[in-house]
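Trainee: Let me begin by handing over the structure; questions about it come next.
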Amino acid sequence: MSGQIQFFVPGVPVPEGSTKYVGKTRSGKPRITHDNPRLNGWRHKICDIAVLAAGKEGWSFPLDEPVIVIADFYLPRPKNPKFKDQAATKPDLDKLQRAVGDALACKGGVLAEDSRIIGWYSSKRWAKTTPSKPPNPFGEPSGPGVRVTVIRQGVVF
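Just so we're aligned, residue 133 is where the sequence shown starts under my numbering, counting upward by one.
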């Protein structure tokens, strides 16, 4: 069993957005929805790939221990970016992180809850090519997505 997992989730990263109140359930609890309809699909994709990676490493999950998460977001490059070499553009890095943290702690996910994340190291970069190209298993990803590394802090290496 390894003390870390690493995986790549292809697709345009979706930030955690604002939530809005849309009424009450039959039991009287508030019904909340996200303002970005693509968010749930993005979270499920991250959750599913994370569970596969953790299972391959023999992890028993959900983990209820401290972890550090490294997330490198690869964004589609606009035709005329303001900053040629740096992805200093929307979406906000902290909102991208929140979506990954929530996805790792999804129902049946790798983490018991996202509060187990004790450290984040993250970056935004331009994707090297368009998503229509085949994925490159080595080096930089060939299209938009996120490369995630989860490092267990309660494991002796």
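Yeah, the Cβ is synthetic: ideal placement off N, Cα and C, and Gly gets one too.
(1) Which stretch, first to last residue, makes up the alpha helix (DSSP H) that contains Gly291?
(2) Enumerated in chain order, which unbroken segments of the beta strand (DSSP E) with a length of 3 residues or greater are wholly contained in the stretch 134 to 195?
(3) Check Ser255 in the structure and name its three-state DSSP category.
(4) Using the Cα positions of Gln229 and Val146, report the straight-line distance between them to the nearest angstrom.
(5) In three-state DSSP terms, what is Arg123?
(6) Smallest Cα separation from Pro162: which of Asn168, Thr151, Arg170?
(7) Check whether the Cβ atoms of Gln285 and Glu197 lie closer than 8 Å to each other.
(8) Evaluate contact between the stretch 207 to 214 and the stretch 174 to 194, counting only Cβ atoms and requiring at least three cross-stretch pairs below 8 Å.
(9) From the DSSP output, which residues share a beta bridge with Gly277?
(10) Going by beta carbon distance, what residues of the same chain come within less than 8 Å of Arg248, once the five residues before and after it are set aside?
(11) Can you tell me whether Ser274 is buried or exposed, with buried defined as 16 or more other CB within 10 angstroms of its CB?
(12) Arg230 bridges to which residues according to DSSP?
(13) Looking only at its chain, what residues have a beta carbon closer than 8 Å to the beta carbon of Gly290, apart from the 5 residues adjacent to it on each side?
Mentor: Well, looking at it:
(1) No answer is possible for residue 291: the residues shown for the chain start at 133 and end at 289.
(2) If we require 3 residues or more, the beta strand (DSSP E) runs fully inside the stretch 134 to 195 come out as 136 to 142, 151 to 156, 162 to 166.
(3) Note: Ser255 maps to strand in three-state DSSP.
(4) Between the alpha carbons of Gln229 and Val146 lies a distance of about 10 Å.
(5) This structure cannot speak to residue 123, because the chain is shown only from 133 to 289.
(6) Of Asn168, Thr151, Arg170, the residue nearest in Cα terms is Thr151.
(7) It is a contact, given that the beta carbons lie within the stated cut-off.
(8) With contact defined as three or more Cβ pairs closer than 8 Å, the stretch 207 to 214 and the stretch 174 to 194 are not in contact.
(9) Per DSSP, the beta bridge partners of Gly277 are Pro142, Tyr206.
(10) Leu195, Asp196, Glu197, Pro198, Val199, Ala237.
(11) Buried, by the Cβ-count rule.
(12) The bridge partners DSSP lists for Arg230 come to none.
(13) A question about residue 290 goes unanswered here, because the residues of the chain that appear run from 133 up to 289.
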